[in-house]
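Numbering (our numbering), first residue to last: 94 to 383.
Since the structure comes first, as structure tokens, the remarks are kept for the end.
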């Protein structure tokens with residue numbers, strides 16, 4: 094069985110970490126999804142599977158790597174975004190023909206320092222990359238919402254409404270609704286009846302999958318981001334259903350704008366810490382000694 098050849102993340106060979114520094118102490122280790130993506134990509138590079146081969150089921154991949162199925166789903170989403178894997182409706186995931194797919198890939202900021210782990214210095218690059226991605230989303234998704242409001246059919250509205258209902262249920266139970274979030278944006282793109290735009294928005298969603306999950310995690314719920322974001326979804330649905338193209342565009346634009354503002358706030362806060370560092374104050378014992 095192909096999946097038996099995977100090396101479990103728990104059995105991965107030990108690698109020497111870089112010397113401890115003030116910056117390295119802030120480094121974040123690779124997540125399970127990062128490691129699963131890395132190992133699956135390695136198998137593809139080693140031709141464990143060839144173009145057109147069907148990948149093992151999620152359950153088998155999860156067991157072979159010693160991780161959960163949600164972790165495998167996230168790793169597969171990244172491979173799709175890389176252009177290495179493609180989904181076939183009702184059939185599963187297959188190895189893509191790299192000669193036919195030119196992947197538009199968002200660079201992983203973790204690779205910036207060559208260690209695979211981001212340092213405090215890399216945070217600026219990570220935030221800048223996220224800002225760039227969000228600005229791209231803002232342009233594409235606001236345009237898609239506008240066009241969808243002009244071209245949507247009753248079936249399209251039903252599909253968008255179904256995704257909103259799934260997010261309603263997730264919000265009520267305070268669970269992850271990111272898959273329904275992706276489906277919502279994909280349904281809007283499909284409602285444009287522009288095949289290329291629909292494909293691009295679906296692809297963009299795969300690139301942004303991890304960031305959408307943040308809105309639906311315990312932190313998002315805790316600070317109210319989830320509720321505000323989903324209120325946007327409902328308003329966008331109403332505008333599209335009403336055929337109000339200008340309102341749909343404006344609402345989709347402001348929906349992403351809030352995320353951009355949060356990134357810019359992080360950048361500003363970090364800049365302020367650099368420009369105005371907390372002064373060092375010796376403790377009482379040191380003061381007496383002086």
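Quick reminder that beta carbons are idealized off the backbone N, C-alpha and C, glycines included.
| Check | Outcome |
| --- | --- |
| Whole-angstrom distance between residue 179 and residue 173, CA atom to CA atom | 6 Å |
| Identity of the residue in 318, 291 and 300 nearest residue 226 by Cα | 300 |
| Near the ligand HEM: residue 266 beta-carbon under 7 Å from a heavy atom | Annotation note on the ligand HEM: not contained in the displayed structure, which lists no ligands. |
| Residue from 323, 293, 291 and 336 whose Cα sits closest to the Cα of residue 306 | 323 |
| Classification of residue 321 by the beta-carbon crowding that lies within 10 angstroms, buried from 16 upward | exposed |
| First through last residue of the beta strand (DSSP E) which encompasses residue 181 | 178-181 |
| Where residue 44 falls: helix, strand or coil (DSSP) | The shown model of the chain, from 94 to 383, leaves out residue 44, and the question about it has no answer. |
| DSSP beta-bridge partners of residue 187 | 147 and 179 |
| Local conformation of residue 141 per DSSP, three classes | coil |
| Per-residue burial, residue 82 [other beta carbons within 10 Å of its own, 16 or more giving buried] | Outside the displayed range of the chain (94 to 383) lies residue 82, so it cannot be described from this structure. |
| Residue span of the alpha helix (DSSP H) that contains residue 285, given as start and end | Per DSSP, residue 285 belongs to no alpha helix (DSSP H) and is neither H nor E. |
| Secondary structure of residue 268, DSSP reduced to three states | coil |
| Assumed close pair residue 285, residue 244 - CB separation to whole angstroms, cut-off 8 Å | 6 Å |
| CB-CB length for residue 220 against residue 359, believed under 8 Å | 6 Å |
| Alpha-carbon spacing of residue 336 relative to residue 346, whole angstroms | 17 Å |
| Separation of residue 151 from residue 159, as counted between CA atoms | 12 Å |
| Integer Cβ distance of residue 294 from residue 233, believed to fall under 8 Å | 6 Å |
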